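Please read the structure below before turning to the comments.
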Amino acid sequence: MNNISVDWCHKIYGFGINNVELHPHNHQIKTTTPMGHTLSTRSIRTFVLRQGRLTEGQQKSLDQYWPEFGVEVIADTRLNLDSCFGRSAPVWLEIGFGNGEALVSMARAHPHINFLGVEVHLPGVGHVLGEIANHEVGNVRVIRYDALELLEHHLDANSVERLSLFFPDPWHKKRHHKRRIVNAEFLKLANRTLAHHALFHVATDWESYALHIEQALADCEFFNKVENDDTNKAVTNARPRTKFEQRGLKLGHVVTDLVYQKTS
Ligand SMILES: C[S@@+](CC[C@H](N)C(=O)[O-])C[C@H]1O[C@@H](n2cnc3c(N)ncnc32)[C@H](O)[C@@H]1O
71 MNNISVDWCH
81 KIYGFGINNV
91 ELHPHNHQIK
101 TTTPMGHTLS
111 TRSIRTFVLR
121 QGRLTEGQQK
131 SLDQYWPEFG
141 VEVIADTRLN
151 LDSCFGRSAP
161 VWLEIGFGNG
171 EALVSMARAH
181 PHINFLGVEV
191 HLPGVGHVLG
201 EIANHEVGNV
211 RVIRYDALEL
221 LEHHLDANSV
231 ERLSLFFPDP
241 WHKKRHHKRR
251 IVNAEFLKLA
261 NRTLAHHALF
271 HVATDWESYA
281 LHIEQALADC
291 EFFNKVENDD
301 TNKAVTNARP
311 RTKFEQRGLK
321 LGHVVTDLVY
331 QKTS
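Quick note on numbering: the sequence shown equals residues 71 to 334 in our numbering.
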């Protein structure tokens, strides 16, 4: 596999992105990255692309800021994260950042960290680009892609210091449980990508998903639950309230934060 810099990605990205994302007839969001690559080749996906048009502001942000803060993945190529960020610093990865408010807020609170966010929902990507620009945050980069493919094919081993997964889709119907992102395969991919003793922080407002996550982690050899109260509190308290969390709280759900550390 080759390493590739984001500068090079931007050089080959020359066509603008507003012309590739919306289906001309029904405005369904197409399953492609801004460069037109397929978002995922997996048969079982952990996401469904929510319908909805991009707002004018989101489209404008995509056009204006994707070249600066967006990162394209290239087939069979691992990203050179130092060149994506233009500096060498620890990388924290957030999977499924939604509208990205937590990502930007954490990046502002930790300017010495490089924050990488991956999301498939295009309006969310547009939204976060606008937030990055509004707050002039230099330490966030955004990828529109299936996080599982990113972990498997595009990130180097031991390259991420912290993995955040805030309110992953709960897929609460039994027949959909196979679509839950936290499972043995995900944990194997996370283990490969995370640095030694890196932290994995996951939060959910679905009790049954919290139990499922705890079981999956108990069954895997790669992570230990962090029992230290101070570490737990510090990690949990650093998580800003997210949009889906607010939704869950309004419905009376109880939020569970779980923090794990890689065993090696
Ligand atoms: C329930 S929402 C939570 C969003 C945000 N973290 C929050 O708390 O407001 C889950 C998000 O994960 C994204 N997602 C699900 N599977 C994904 C995958 N494999 N790769 C990238 N994003 C994914 C979905 O598009 C969705 O925006």
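Yeah, the Cβ is synthetic: ideal placement off N, Cα and C, and Gly gets one too.
All values derive from a computational prediction rather than experimental measurement.
Using the three-state DSSP reduction, which class does residue i fall into: helix, strand or coil?
i: ILE283; result: helix
i: SER234; result: strand
i: GLY196; result: helix
i: VAL212; result: strand
i: ARG317; result: helix
i: GLN98; result: Interpretation of GLN98 is limited by its pLDDT of 47, a score under 50 that renders its predicted location unreliable; the figure taken from the coordinates is listed afterwards. Three-state result, GLN98: coil.
i: GLY322; result: coil
i: VAL329; result: strand
i: LEU149; result: strand
i: GLY140; result: strand
i: GLN129; result: helix
i: ASN253; result: coil
i: GLU206; result: coil
i: LYS244; result: helix
i: ILE289; result: For the sequence presented, residue 289 should be read as Asp rather than Ile. Coil.
i: PRO119; result: Pro is not the amino acid found at residue 119; the sequence shown has Leu there. Here LEU119 sits in coil by DSSP.
i: LEU259; result: helix
i: SER278; result: helix
i: LEU124; result: coil
i: THR312; result: coil
i: LEU225; result: coil
Just to confirm the assignment, what range does the beta strand (DSSP E) spanning residue i have?
i: TRP162; result: 161-165
i: ASP187; result: First, the residue type needs correcting, since residue 187 is Gly and not Asp in the sequence shown. Taken as a continuous stretch (DSSP letters only), the beta strand (DSSP E) holding GLY187 covers 184-189.
Please list, in chain order, all residues of the same chain as residue i whose beta carbon is under 8 Å from its beta carbon, the five residues on each side excluded.
i: LYS313; result: GLY168, ASN169, GLU171
i: ALA179; result: ALA308
i: VAL324; result: ASP275, GLU277
i: VAL296; result: LEU269, ASN302, VAL305, VAL329, TYR330, GLN331
i: VAL230; result: VAL161, TRP162, LEU163, LEU186, THR263, LEU264, ALA265, ALA268
i: ALA254; result: ALA286, ASP289, CYS290
Just reading off the alpha helix (DSSP H) that residue i is part of, what are its end residues?
i: ARG178; result: 171-179
What does residue i pair with, by DSSP beta-bridge criteria?
i: THR306; result: Answer by DSSP bridge pairing: none, since THR306 is not bridged.
i: LEU264; result: VAL230
i: ALA273; result: PHE236, ASP327
i: LYS295; result: TYR330
i: THR108; result: THR102
Which same chain residues, not among the five before or five after residue i, have their C-beta less than 6 Å away from its C-beta?
i: GLY318; result: ASP275
i: CYS280; result: In the sequence as displayed, the identity of residue 280 is Ala instead of Cys. So the qualifying residues of the chain are THR274, THR326.
i: ASP216; result: LEU109, SER110
i: ASP239; result: none
Within its chain, find whatever has a CB closer than 7 Å to the CB of residue i; leave out the 5 residues flanking it on each side and keep chain order.
i: ASN96; result: Because the pLDDT at ASN96 is just 36, under 50, the model does not fix this residue reliably, and the value given afterwards should be weighed accordingly. Closer than 7 Å at the Cβ level, and outside the excluded window around ASN96, lies no residue.
i: LEU173; result: GLU164, PHE167, PHE185, GLY187, VAL198, VAL210
i: ASP226; result: ARG148
i: GLU284; result: LEU328
i: SER334; result: HIS266
i: LYS248; result: ILE114
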